[in-house]
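The block underneath contains the structure these notes are about, expressed in C-alpha coordinates.
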Amino acid sequence: MVEELTIPTTNRVMVDFNQMKSFGQDPLILERGEGIRVFDVFGKSYIDGLSGVFTTNLGHGVQALVDVAAEQGRQIAFTAPTMATNPAALRLADLLIEITPEQYTTVKFFTGGSEATEAAIKMARQYHLQRGHGRKFKVISRYLGYHGGTGFAIAASGQTEWKWRFDPLPGGVIHVQPPARPGCAACKRLDGCTLACLDLIEDAIVREHPETVAAVIAEPIMLAAGVQMPPEEYFPRLREICDQYNVVLIHDEIITGFGRTGRLFASERVGAWPDIICCGKGISGGYAPLSAILVADKIASAFWGEPDEGVQFWAGHTFGGNPVSCAVGEAAIRMLLDNDLIGNAERVGEHLANRLREVAATQPAIGEIRGVGMLRGVAFHEPIGKAVYDAARRRGLLLRGGADFVGVAPPLVTTPTEADEIAGIVADAVAEVVA
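This is the structure in C-alpha coordinates:
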(Lines of atoms letter the chains of each structure in order from A and count residues from 1; the text may use other names and numbers.)
(Lines give C-alpha, C1' and ligand atoms only; values in the text may rest on other atoms or scores of the structure.)
Protein backbone atom coordinates (compact mmCIF):
# COMPACT_ATOMS: atom_id res chain seq x y z
CA MET A 1 0.00 0.00 0.00
CA VAL A 2 1.41 3.39 -1.02
CA GLU A 3 1.31 5.97 1.74
CA GLU A 4 -0.72 9.01 0.69
CA LEU A 5 1.14 12.30 0.81
CA THR A 6 -0.46 14.94 2.99
CA ILE A 7 0.08 18.67 2.80
CA PRO A 8 1.96 19.90 5.89
CA THR A 9 0.20 22.57 7.92
CA THR A 10 1.48 26.02 6.98
CA ASN A 11 -1.02 28.27 8.79
CA ARG A 12 1.38 29.08 11.64
CA VAL A 13 4.00 30.67 9.39
CA MET A 14 3.57 33.92 7.45
CA VAL A 15 5.23 33.74 4.05
CA ASP A 16 6.26 37.14 2.70
CA PHE A 17 3.60 38.96 0.67
CA ASN A 18 1.39 35.83 0.46
CA GLN A 19 -2.15 35.35 1.66
CA MET A 20 -1.76 32.37 3.97
CA LYS A 21 -5.23 31.00 3.33
CA SER A 22 -4.54 30.45 -0.35
CA PHE A 23 -0.86 29.59 0.15
CA GLY A 24 -1.81 26.66 2.36
CA GLN A 25 -3.96 25.17 -0.39
CA ASP A 26 -0.95 24.74 -2.70
CA PRO A 27 2.14 25.45 -0.61
CA LEU A 28 5.68 25.60 -1.92
CA ILE A 29 7.72 23.89 0.81
CA LEU A 30 11.28 23.37 -0.31
CA GLU A 31 13.50 20.95 1.60
CA ARG A 32 16.70 20.54 -0.43
CA GLY A 33 18.60 21.82 -3.44
CA GLU A 34 21.32 20.76 -5.82
CA GLY A 35 22.91 22.96 -8.48
CA ILE A 36 20.19 25.11 -10.03
CA ARG A 37 17.38 22.81 -8.86
CA VAL A 38 15.34 22.66 -5.68
CA PHE A 39 13.02 19.93 -4.42
CA ASP A 40 9.85 20.23 -2.38
CA VAL A 41 8.64 17.96 0.40
CA PHE A 42 6.61 15.96 -2.12
CA GLY A 43 9.66 15.17 -4.24
CA LYS A 44 8.81 17.54 -7.10
CA SER A 45 11.82 19.17 -8.77
CA TYR A 46 11.98 22.81 -9.85
CA ILE A 47 14.57 24.86 -11.69
CA ASP A 48 15.36 27.75 -9.38
CA GLY A 49 14.88 30.37 -12.08
CA LEU A 50 15.10 33.20 -9.57
CA SER A 51 18.10 32.07 -7.50
CA GLY A 52 15.86 31.91 -4.46
CA VAL A 53 15.32 35.64 -4.62
CA PHE A 54 18.40 36.80 -6.60
CA THR A 55 20.53 35.27 -3.84
CA THR A 56 21.77 31.73 -4.52
CA ASN A 57 24.27 32.91 -7.15
CA LEU A 58 26.50 29.85 -6.65
CA GLY A 59 23.68 27.33 -6.77
CA HIS A 60 22.43 24.95 -4.10
CA GLY A 61 24.28 22.26 -2.20
CA VAL A 62 27.76 23.78 -2.32
CA GLN A 63 29.44 21.70 0.36
CA ALA A 64 32.51 23.93 0.56
CA LEU A 65 30.42 26.83 1.84
CA VAL A 66 28.62 24.61 4.34
CA ASP A 67 32.00 23.45 5.61
CA VAL A 68 33.21 27.05 6.02
CA ALA A 69 30.13 27.88 8.10
CA ALA A 70 30.60 24.81 10.27
CA GLU A 71 34.31 25.46 10.84
CA GLN A 72 33.71 29.10 11.77
CA GLY A 73 30.88 28.09 14.08
CA ARG A 74 33.23 25.73 15.90
CA GLN A 75 35.74 28.55 16.42
CA ILE A 76 33.32 31.31 17.42
CA ALA A 77 29.77 31.77 16.20
CA PHE A 78 28.96 35.22 17.58
CA THR A 79 30.79 38.35 18.65
CA ALA A 80 29.02 41.32 20.22
CA PRO A 81 28.97 44.08 17.57
CA THR A 82 28.85 46.84 20.19
CA MET A 83 32.25 45.96 21.64
CA ALA A 84 34.13 43.69 19.26
CA THR A 85 34.74 42.50 15.74
CA ASN A 86 36.29 39.24 14.52
CA PRO A 87 38.88 37.99 12.02
CA ALA A 88 36.23 36.79 9.56
CA ALA A 89 34.68 40.26 9.37
CA LEU A 90 38.08 41.89 8.96
CA ARG A 91 39.07 39.51 6.16
CA LEU A 92 35.81 40.09 4.32
CA ALA A 93 36.12 43.86 4.66
CA ASP A 94 39.65 43.73 3.25
CA LEU A 95 38.46 41.62 0.32
CA LEU A 96 35.58 43.98 -0.48
CA ILE A 97 37.87 47.01 -0.44
CA GLU A 98 40.39 45.13 -2.61
CA ILE A 99 37.89 44.32 -5.38
CA THR A 100 36.12 47.69 -5.56
CA PRO A 101 37.37 51.08 -6.84
CA GLU A 102 39.90 52.86 -4.66
CA GLN A 103 37.48 55.47 -3.28
CA TYR A 104 35.80 52.80 -1.13
CA THR A 105 37.68 52.54 2.13
CA THR A 106 35.13 51.48 4.74
CA VAL A 107 32.61 48.66 5.19
CA LYS A 108 29.74 48.19 7.62
CA PHE A 109 28.02 44.81 7.83
CA PHE A 110 24.37 43.92 8.32
CA THR A 111 22.20 40.85 7.75
CA GLY A 112 19.72 41.89 5.06
CA GLY A 113 19.15 44.34 2.25
CA SER A 114 16.66 46.51 4.11
CA GLU A 115 19.16 47.03 6.92
CA ALA A 116 21.77 48.14 4.40
CA THR A 117 19.59 50.66 2.55
CA GLU A 118 18.19 51.93 5.85
CA ALA A 119 21.71 52.47 7.13
CA ALA A 120 22.81 54.23 3.94
CA ILE A 121 20.01 56.78 4.30
CA LYS A 122 20.85 57.34 7.96
CA MET A 123 24.53 57.64 7.14
CA ALA A 124 23.86 60.29 4.48
CA ARG A 125 21.89 62.35 6.99
CA GLN A 126 24.48 62.03 9.75
CA TYR A 127 27.27 62.79 7.29
CA HIS A 128 25.76 66.14 6.37
CA LEU A 129 25.04 66.94 10.03
CA GLN A 130 28.71 66.35 10.88
CA ARG A 131 29.88 68.39 7.92
CA GLY A 132 27.92 71.42 9.10
CA HIS A 133 24.86 70.98 6.88
CA GLY A 134 22.32 69.87 9.46
CA ARG A 135 19.34 70.95 7.36
CA LYS A 136 20.19 68.41 4.63
CA PHE A 137 17.86 65.53 5.51
CA LYS A 138 15.59 64.92 2.51
CA VAL A 139 16.00 61.87 0.30
CA ILE A 140 15.04 61.72 -3.36
CA SER A 141 13.90 58.35 -4.62
CA ARG A 142 12.00 57.09 -7.65
CA TYR A 143 8.51 55.76 -8.16
CA LEU A 144 8.38 51.99 -8.87
CA GLY A 145 11.66 51.42 -7.01
CA TYR A 146 11.96 49.08 -4.04
CA HIS A 147 14.51 49.53 -1.25
CA GLY A 148 13.26 47.26 1.53
CA GLY A 149 10.73 46.86 4.31
CA THR A 150 12.15 48.85 7.26
CA GLY A 151 11.20 52.43 8.11
CA PHE A 152 13.35 54.68 5.92
CA ALA A 153 13.81 51.93 3.32
CA ILE A 154 10.11 51.45 2.71
CA ALA A 155 9.50 55.20 2.83
CA ALA A 156 12.05 55.55 0.02
CA SER A 157 10.42 52.75 -1.97
CA GLY A 158 8.06 53.76 -4.72
CA GLN A 159 5.77 50.71 -4.90
CA THR A 160 2.46 51.89 -3.45
CA GLU A 161 1.03 48.39 -3.07
CA TRP A 162 3.75 47.43 -0.59
CA LYS A 163 3.71 50.53 1.58
CA TRP A 164 0.36 52.34 1.83
CA ARG A 165 -0.89 50.11 4.67
CA PHE A 166 1.86 51.47 6.90
CA ASP A 167 1.19 55.17 6.38
CA PRO A 168 2.21 57.56 7.74
CA LEU A 169 5.80 56.60 6.98
CA PRO A 170 8.96 58.52 7.96
CA GLY A 171 8.96 61.89 6.24
CA GLY A 172 11.51 63.68 4.16
CA VAL A 173 11.32 61.49 1.05
CA ILE A 174 10.54 63.01 -2.35
CA HIS A 175 9.64 60.68 -5.21
CA VAL A 176 10.22 61.41 -8.89
CA GLN A 177 9.47 59.52 -12.09
CA PRO A 178 11.97 56.81 -13.11
CA PRO A 179 13.23 55.99 -16.62
CA ALA A 180 10.77 53.09 -16.97
CA ARG A 181 9.70 51.90 -20.41
CA PRO A 182 7.32 51.85 -22.13
CA GLY A 183 5.46 55.05 -21.41
CA CYS A 184 7.96 56.73 -19.10
CA ALA A 185 5.85 59.45 -17.53
CA ALA A 186 8.40 62.12 -18.42
CA CYS A 187 8.48 61.23 -22.14
CA LYS A 188 5.27 59.31 -22.81
CA ARG A 189 3.97 61.81 -25.37
CA LEU A 190 7.21 61.75 -27.34
CA ASP A 191 8.75 59.18 -29.67
CA GLY A 192 12.13 59.02 -27.91
CA CYS A 193 13.87 59.48 -24.59
CA THR A 194 14.76 63.05 -23.64
CA LEU A 195 16.14 62.19 -20.17
CA ALA A 196 13.45 64.45 -18.76
CA CYS A 197 13.32 62.09 -15.75
CA LEU A 198 16.81 63.34 -14.87
CA ASP A 199 15.64 66.92 -15.13
CA LEU A 200 12.94 66.00 -12.61
CA ILE A 201 15.60 64.97 -10.07
CA GLU A 202 17.55 68.19 -10.48
CA ASP A 203 14.32 70.18 -10.38
CA ALA A 204 13.31 68.44 -7.15
CA ILE A 205 16.67 69.30 -5.56
CA VAL A 206 16.35 72.95 -6.58
CA ARG A 207 12.69 73.32 -5.59
CA GLU A 208 13.19 71.61 -2.23
CA HIS A 209 16.36 73.76 -1.86
CA PRO A 210 19.77 72.07 -2.14
CA GLU A 211 20.53 72.85 1.48
CA THR A 212 17.73 70.45 2.53
CA VAL A 213 18.49 67.46 0.25
CA ALA A 214 20.80 64.81 1.73
CA ALA A 215 20.75 61.94 -0.74
CA VAL A 216 19.46 60.30 -3.90
CA ILE A 217 18.90 56.54 -3.70
CA ALA A 218 18.49 54.50 -6.88
CA GLU A 219 18.72 50.95 -8.21
CA PRO A 220 21.01 50.78 -11.24
CA ILE A 221 18.52 48.31 -12.73
CA MET A 222 14.95 48.53 -11.44
CA LEU A 223 13.78 44.98 -10.81
CA ALA A 224 10.34 45.52 -9.30
CA ALA A 225 9.48 47.94 -12.10
CA GLY A 226 9.96 45.14 -14.62
CA VAL A 227 13.75 44.78 -15.01
CA GLN A 228 14.13 48.32 -16.32
CA MET A 229 17.49 49.32 -17.80
CA PRO A 230 18.39 53.03 -17.61
CA PRO A 231 19.44 55.07 -20.64
CA GLU A 232 23.22 55.07 -21.10
CA GLU A 233 23.57 58.72 -20.07
CA TYR A 234 21.33 58.48 -17.00
CA PHE A 235 23.69 57.55 -14.17
CA PRO A 236 26.75 59.54 -15.31
CA ARG A 237 24.55 62.64 -15.41
CA LEU A 238 22.94 61.75 -12.07
CA ARG A 239 26.45 61.51 -10.58
CA GLU A 240 27.18 65.03 -11.88
CA ILE A 241 23.93 66.41 -10.44
CA CYS A 242 24.65 64.96 -7.01
CA ASP A 243 28.17 66.38 -7.02
CA GLN A 244 26.90 69.78 -8.12
CA TYR A 245 24.46 70.07 -5.22
CA ASN A 246 26.48 68.24 -2.53
CA VAL A 247 24.05 65.32 -2.44
CA VAL A 248 25.10 61.79 -1.45
CA LEU A 249 24.47 59.25 -4.21
CA ILE A 250 23.40 55.81 -2.95
CA HIS A 251 23.19 52.81 -5.27
CA ASP A 252 20.90 50.02 -4.12
CA GLU A 253 22.79 46.99 -5.46
CA ILE A 254 21.15 44.45 -3.18
CA ILE A 255 19.98 42.50 -6.23
CA THR A 256 22.47 43.58 -8.87
CA GLY A 257 25.70 43.12 -6.94
CA PHE A 258 28.15 40.21 -7.07
CA GLY A 259 27.98 39.14 -10.67
CA ARG A 260 24.26 39.14 -11.35
CA THR A 261 24.58 41.57 -14.27
CA GLY A 262 27.75 40.08 -15.75
CA ARG A 263 29.82 42.60 -13.81
CA LEU A 264 30.83 42.53 -10.17
CA PHE A 265 28.53 45.51 -9.60
CA ALA A 266 25.95 47.09 -11.89
CA SER A 267 27.50 50.48 -11.11
CA GLU A 268 30.16 49.51 -13.64
CA ARG A 269 27.42 48.65 -16.12
CA VAL A 270 25.72 52.03 -15.81
CA GLY A 271 28.95 54.01 -15.95
CA ALA A 272 28.93 55.75 -12.56
CA TRP A 273 29.96 54.87 -9.02
CA PRO A 274 28.05 56.14 -5.97
CA ASP A 275 29.17 57.43 -2.60
CA ILE A 276 27.60 54.42 -0.87
CA ILE A 277 26.99 50.97 -2.38
CA CYS A 278 24.34 48.86 -0.66
CA CYS A 279 24.88 45.15 -1.26
CA GLY A 280 23.44 41.89 0.02
CA LYS A 281 21.75 38.72 -1.29
CA GLY A 282 24.49 37.28 -3.54
CA ILE A 283 27.29 38.47 -1.25
CA SER A 284 27.04 35.15 0.62
CA GLY A 285 25.46 33.09 -2.15
CA GLY A 286 22.48 32.62 0.15
CA TYR A 287 24.43 30.45 2.59
CA ALA A 288 24.26 32.95 5.47
CA PRO A 289 22.35 36.17 6.22
CA LEU A 290 24.68 38.98 5.17
CA SER A 291 24.62 42.49 3.69
CA ALA A 292 26.91 45.50 3.74
CA ILE A 293 27.39 49.09 2.76
CA LEU A 294 30.63 50.08 1.03
CA VAL A 295 31.44 53.67 1.87
CA ALA A 296 33.60 56.08 -0.11
CA ASP A 297 36.32 57.83 1.86
CA LYS A 298 34.64 61.21 1.32
CA ILE A 299 31.75 59.99 3.45
CA ALA A 300 33.61 57.69 5.84
CA SER A 301 36.06 60.39 6.93
CA ALA A 302 33.23 62.31 8.60
CA PHE A 303 32.82 59.44 11.08
CA TRP A 304 36.47 59.36 12.18
CA GLY A 305 37.25 61.30 15.35
CA GLU A 306 37.96 61.26 19.07
CA PRO A 307 35.57 59.45 21.46
CA ASP A 308 34.32 62.66 23.04
CA GLU A 309 33.35 64.03 19.62
CA GLY A 310 30.60 61.41 19.24
CA VAL A 311 30.93 61.27 15.45
CA GLN A 312 30.73 57.48 15.18
CA PHE A 313 27.84 56.09 13.11
CA TRP A 314 24.88 55.76 15.44
CA ALA A 315 23.23 52.70 13.92
CA GLY A 316 23.82 48.96 14.10
CA HIS A 317 22.24 45.52 14.44
CA THR A 318 22.84 42.54 16.70
CA PHE A 319 24.00 40.18 13.95
CA GLY A 320 25.97 42.75 11.97
CA GLY A 321 29.45 41.42 11.21
CA ASN A 322 28.52 37.96 12.46
CA PRO A 323 31.61 35.74 12.12
CA VAL A 324 29.80 32.80 10.50
CA SER A 325 28.11 35.04 7.94
CA CYS A 326 31.32 36.90 7.16
CA ALA A 327 33.37 33.72 6.79
CA VAL A 328 30.79 32.37 4.36
CA GLY A 329 30.71 35.71 2.54
CA GLU A 330 34.45 35.71 1.99
CA ALA A 331 34.38 32.12 0.70
CA ALA A 332 31.42 32.83 -1.59
CA ILE A 333 33.07 35.89 -3.16
CA ARG A 334 36.33 34.03 -3.72
CA MET A 335 34.41 31.17 -5.33
CA LEU A 336 32.64 33.69 -7.56
CA LEU A 337 35.93 35.22 -8.67
CA ASP A 338 38.09 32.10 -8.88
CA ASN A 339 35.62 30.21 -11.10
CA ASP A 340 34.83 33.04 -13.57
CA LEU A 341 31.17 32.93 -12.60
CA ILE A 342 30.78 36.62 -13.45
CA GLY A 343 31.96 35.81 -16.97
CA ASN A 344 29.59 32.85 -17.05
CA ALA A 345 26.73 35.14 -16.06
CA GLU A 346 27.57 37.38 -19.01
CA ARG A 347 27.92 34.54 -21.54
CA VAL A 348 25.08 32.27 -20.46
CA GLY A 349 22.90 35.25 -19.62
CA GLU A 350 23.18 36.47 -23.21
CA HIS A 351 22.49 32.94 -24.47
CA LEU A 352 19.36 32.82 -22.30
CA ALA A 353 18.28 36.23 -23.58
CA ASN A 354 18.70 35.10 -27.18
CA ARG A 355 16.57 32.03 -26.54
CA LEU A 356 13.91 34.20 -24.87
CA ARG A 357 14.01 36.56 -27.87
CA GLU A 358 13.31 33.57 -30.10
CA VAL A 359 10.29 32.82 -27.96
CA ALA A 360 9.17 36.46 -28.17
CA ALA A 361 9.46 36.42 -31.97
CA THR A 362 6.76 33.74 -32.15
CA GLN A 363 4.62 34.93 -29.24
CA PRO A 364 2.74 38.24 -29.76
CA ALA A 365 1.91 38.43 -26.04
CA ILE A 366 5.56 39.25 -25.27
CA GLY A 367 6.54 42.89 -25.66
CA GLU A 368 10.30 42.69 -25.13
CA ILE A 369 13.13 40.88 -23.38
CA ARG A 370 14.94 43.15 -20.92
CA GLY A 371 18.00 43.10 -18.72
CA VAL A 372 21.67 42.10 -18.79
CA GLY A 373 23.75 39.18 -17.60
CA MET A 374 21.76 36.73 -15.53
CA LEU A 375 19.06 39.28 -14.72
CA ARG A 376 16.35 39.14 -17.38
CA GLY A 377 12.75 40.17 -17.68
CA VAL A 378 10.06 38.98 -20.07
CA ALA A 379 7.66 41.92 -20.48
CA PHE A 380 4.09 41.34 -21.67
CA HIS A 381 1.60 43.59 -23.43
CA GLU A 382 -1.08 42.54 -20.93
CA PRO A 383 -1.03 41.89 -17.15
CA ILE A 384 -0.45 38.13 -17.39
CA GLY A 385 2.80 37.90 -15.41
CA LYS A 386 1.35 36.15 -12.37
CA ALA A 387 -0.53 33.65 -14.55
CA VAL A 388 2.69 32.86 -16.42
CA TYR A 389 4.44 32.36 -13.08
CA ASP A 390 1.77 29.83 -12.06
CA ALA A 391 1.99 27.97 -15.38
CA ALA A 392 5.78 27.85 -15.17
CA ARG A 393 5.69 26.56 -11.60
CA ARG A 394 3.40 23.71 -12.65
CA ARG A 395 6.04 22.82 -15.24
CA GLY A 396 8.87 22.89 -12.71
CA LEU A 397 10.29 26.42 -13.07
CA LEU A 398 10.25 29.12 -10.39
CA LEU A 399 10.23 32.73 -11.61
CA ARG A 400 9.40 36.20 -10.30
CA GLY A 401 5.84 37.03 -11.31
CA GLY A 402 5.00 40.72 -11.67
CA ALA A 403 1.81 42.18 -13.08
CA ASP A 404 3.04 42.51 -16.67
CA PHE A 405 6.39 40.69 -16.58
CA VAL A 406 8.23 37.70 -15.22
CA GLY A 407 11.76 37.94 -13.90
CA VAL A 408 14.24 35.25 -14.92
CA ALA A 409 17.44 35.14 -12.84
CA PRO A 410 18.88 31.66 -12.39
CA PRO A 411 22.13 30.97 -10.48
CA LEU A 412 25.32 32.20 -12.10
CA VAL A 413 26.47 28.58 -12.49
CA THR A 414 23.71 27.87 -15.02
CA THR A 415 24.85 26.12 -18.21
CA PRO A 416 23.67 26.86 -21.79
CA THR A 417 21.72 23.58 -21.78
CA GLU A 418 19.94 24.57 -18.58
CA ALA A 419 19.24 28.02 -20.05
CA ASP A 420 17.62 26.29 -23.05
CA GLU A 421 15.41 24.33 -20.66
CA ILE A 422 14.37 27.51 -18.86
CA ALA A 423 13.46 29.25 -22.12
CA GLY A 424 11.47 26.22 -23.26
CA ILE A 425 9.38 26.18 -20.10
CA VAL A 426 8.78 29.94 -20.37
CA ALA A 427 7.57 29.43 -23.95
CA ASP A 428 5.17 26.66 -22.90
CA ALA A 429 3.89 28.65 -19.92
CA VAL A 430 3.16 31.75 -21.99
CA ALA A 431 1.47 29.66 -24.68
CA GLU A 432 -0.80 28.07 -22.06
CA VAL A 433 -1.81 31.40 -20.58
CA VAL A 434 -2.64 33.09 -23.89
CA ALA A 435 -4.30 30.03 -25.44
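Count along the sequence shown from 1, then add 1374; that gives the number in the numbering used here.
The C-beta atom is built at its ideal place from N, Cα and C for all residues, glycine as well.
In the DSSP assignment, residue 1666 falls within the beta strand (DSSP E) that extends over 1665 to 1670.
When the Cα atoms are used, residue 1438 and residue 1708 turn out to be separated by approximately 12 Å. Residue state for residue 1395 is assigned as helix, using DSSP reduced to three classes. By alpha-carbon distance to residue 1416, the top candidate from 1423, 1405, 1426, 1779 is 1405. In the DSSP assignment, no residue is bridged to residue 1763. Between residue 1498 and residue 1443, the C-beta gap is not smaller than 8 Å, which leaves the two residues out of contact. Contact annotation: the region 1765 to 1774 does not touch the region 1722 to 1740, with fewer than three C-beta pairs closer than 8 Å. Of the candidates 1432, 1445, 1411, 1401, the residue whose Cα lies closest to the Cα of residue 1710 is 1432. Per DSSP, the continuous beta strand (DSSP E) segment holding residue 1651 begins and ends at 1650 to 1653.
Sequence-distant partners of residue 1480 (beyond 5 residues in either direction) whose C-beta falls short of 7 Å from its own C-beta, in its chain, are 1669, 1674. Under a 10 Å Cβ-count criterion, residue 1794 is classified as exposed, with fewer than 16 other Cβ atoms of the shown protein chains found around its own Cβ. Approximately 3 Å separates the beta-carbon atoms of residue 1488 and residue 1522; this is inside 8 Å, confirming the contact. For the set 1400, 1655, 1394, the Cα lying nearest the Cα of residue 1764 is the one of 1400. Contact check for residue 1775 against residue 1748 fails: the beta carbons are separated by 8 Å or more.
When 1751, 1407, 1633 are compared, the shortest CA-CA separation from residue 1661 is found for 1407. Separation of the CB atoms of residue 1483 and residue 1666 is rounded to 5 Å, and the pair is thereby assigned contact status at 8 Å. Rounded to whole angstroms, the gap between the alpha carbons of residue 1504 and residue 1683 is 10 Å. In the DSSP assignment, residue 1587 falls within the unbroken beta strand (DSSP E) covering 1587 to 1592. Taking all protein chains in view, the Cβ of residue 1784 is crowded by 16 or more other Cβ atoms within 10 Å, so the residue is classified as buried. If you draw a straight line from the Cα of residue 1787 to the Cα of residue 1693, it comes to about 29 Å.
Residue 1503: member of the alpha helix (DSSP H) spanning 1487 to 1504, first to last residue. With fewer than 16 other Cβ atoms inside 10 Å of its own Cβ, residue 1457 counts as exposed. Shown here, residue 1434 sits in a strand according to DSSP, grouped into three states. Excluding residues up to 5 positions away in sequence, 1601, 1723, 1726, 1727, 1730, 1743, 1744, 1781, 1782, 1783 lie with their Cβ nearer than 8 Å to the Cβ of residue 1750 in the same chain. Here DSSP, grouped into helix, strand and coil, assigns residue 1479 to strand.
In the DSSP assignment, residue 1421 falls within the unbroken beta strand (DSSP E) covering 1419 to 1422. Unbroken alpha helix (DSSP H) stretches of 4 residues or longer found wholly inside the region 1598 to 1630: 1608 to 1618, given in chain order. In the three-state DSSP reduction, residue 1710 falls in the helix class (H, G or I).
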